[in-house]
Each structure stands twice: as structure tokens, then as C-alpha cells.
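Residue numbers (the numbering used here): 10 to 171.
So this is what it looks like as C-alpha cells:
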């Protein structure tokens, strides 16, 4: 059984992945943005993170950069699950951050399951390249986190300040 963290600002997307992966026997965690996801990743040490790219507070790229900068969770495998992944620059940036795979929304359930299985069975996270290209995202700080169990799932609320 693996621990999988789902980071997406849209509850419907998280619910879809939780429903799809819920039968797998894995422990599933949820976070509503990159800052919450980073706090929960540091606390729970998941085996895999499935993250959206465009999110408030901290986008997926910055989330992965900060994850890779923290020795305790730097080797965590990451899959991007996003509707905004068509430009070659976005693909290059994901590769530069060490993202294992990218799923484009909408995505067939079988493709999600195959990608998750491959990521969990695969090699450790790809190391980030020397200097990933800069993006227009802004860095944010991650506040203290608290987790609560609700319906057998753990969620994280990480207050952030500007």
C-alpha cells in the first residue's frame, strides 16, 4: 500500500481521483493548493504526488521545486494532472523539475491507473536539471498545517500569509 497525495484546487478533480484510486487500497491524502500540498507532503511523506499545475497560492511547478529542495521529500515521485499542458515550454519545465509523468485533463480512467501504477513501480523521482526555466509564478510561504480525517481521507489546511 502506497500513500498518494492529490494536490488540486478544484474539489471535483480531487474527488474524481479519490474515487478512481479509492479501490486500489492506497492511502489517499488531499490538498487544495501547492502550499497545503507541500505542508502535507512534509508531514506524511507520500510515495507519490498527483498535482495540478495552475493553482492559487503556489502553482505545481513551484510546489515541485520546493519539494525537491527539501531533502526529506526530494525523492518523492510527482505526476502532473492538468488541463494546461500543451505548450512545449510547459513540458520542458515539468521535465526540468523532475516530474515523472503528465496526465492531461480530461483523462481516461485506465490511463490514470496505468500512470499511477508505473510511477509507483518505477524508478525514484527524476533529479531536477541544473536550472529550470523561470516562470511567472510567485513564490509563497507555507504556514503551519493541521490535518483532519474526514470520511477516511486526510486533508490539510495550511494558512498562508502574503
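Ideal placement from N, C-alpha and C gives every residue a C-beta, glycine not left out.
Keep in mind it's a predicted model, so treat the numbers as computed, not measured.
Check: So, helix, strand or coil for residue 80, using DSSP?
Finding: If DSSP states are grouped into helix, strand and coil, residue 80 belongs with coil.
Checklist line | Three-state secondary structure assigned by DSSP to residue 91 | finding: In the structure shown, the three-state DSSP call for residue 91 is strand.
Margin query: According to DSSP, simplified to helix, strand and coil, what is residue 85?
Written below: Here residue 85 sits in coil by DSSP.
Notebook entry, point to check: So does the region 31-42 actually touch the region 80-99, counting three or more Cβ pairs closer than 8 Å?
Noted result: Between the region 31-42 and the region 80-99, the count of C-beta pairs closer than 8 Å stays below three; the two stretches do not touch.
Check: How many Å lie between residue 11 and residue 57 at the Cα?
Finding: Near 8 Å, if we compare the C-alpha coordinates of residue 57 and residue 11.
Notebook entry, point to check: Count the other CB atoms within 10 Å of the CB of residue 115; is the residue buried (16 or more) or exposed (fewer)?
Noted result: Exposed: under 16 other Cβ atoms inside 10 Å.
Margin query: Report the CB separation of residue 14 from residue 121 in whole angstroms; it is logged as a contact under 8 Å.
Written below: Actually they do not touch by this definition, with Cβ atoms about 15 Å apart.
Next item on the list: Quick one: using the 10 Å Cβ neighbour count with 16 as the cut-off for buried, is residue 77 buried or exposed?
Entry: It is buried - the Cβ of residue 77 has at least 16 other Cβ atoms within 10 Å.
Notebook entry, point to check: For the region 19-80, which segments carrying the alpha helix (DSSP H) assignment without a break, of at least 4 residues, lie completely within its bounds, in sequence order?
Noted result: As far as the region 19-80 is concerned, its whole alpha helix (DSSP H) runs of at least 4 residues are 20-30, 43-53, 69-78.
Next item on the list: My understanding is that residue 43 touches residue 87, with C-beta atoms under 8 Å, so please give their C-beta distance in whole angstroms.
Entry: By a beta-carbon distance limit of 8 Å, residue 43 does not contact residue 87. Their separation comes to about 11 Å.
Next item on the list: Report the residue from 91, 85, 123 whose alpha carbon sits nearest the alpha carbon of residue 68.
Entry: Nearest C-alpha to residue 68 among 91, 85, 123: 91.
Notebook entry, point to check: When DSSP labels each residue in this structure, what does residue 16 get in the three-state scheme?
Noted result: The answer is strand: DSSP assigns residue 16 an E or B state.
Item checked: Given residue 109 as reference, the closest of 64, 72, 118, 59 once Cα atoms are compared -> If we check each option's Cα against that of residue 109, 59 comes out closest.
Next item on the list: Give the range of the alpha helix (DSSP H) segment to which residue 127 is assigned.
Entry: Where residue 127 is concerned, the enclosing alpha helix (DSSP H) stretches over 118-130.
Notebook entry, point to check: Alpha carbon to alpha carbon, what distance is there between residue 107 and residue 117?
Noted result: Cα-Cα distance, rounded: 24 Å.
Margin query: Whole angstroms are fine: how far does the CA of residue 71 sit from the CA of residue 138?
Written below: For residue 138, the predicted structure reports a pLDDT of 43, less than 50, and the residue's modelled location is therefore unreliable. A value from the coordinates is still provided. The straight-line gap from Cα to Cα measures roughly 14 Å.
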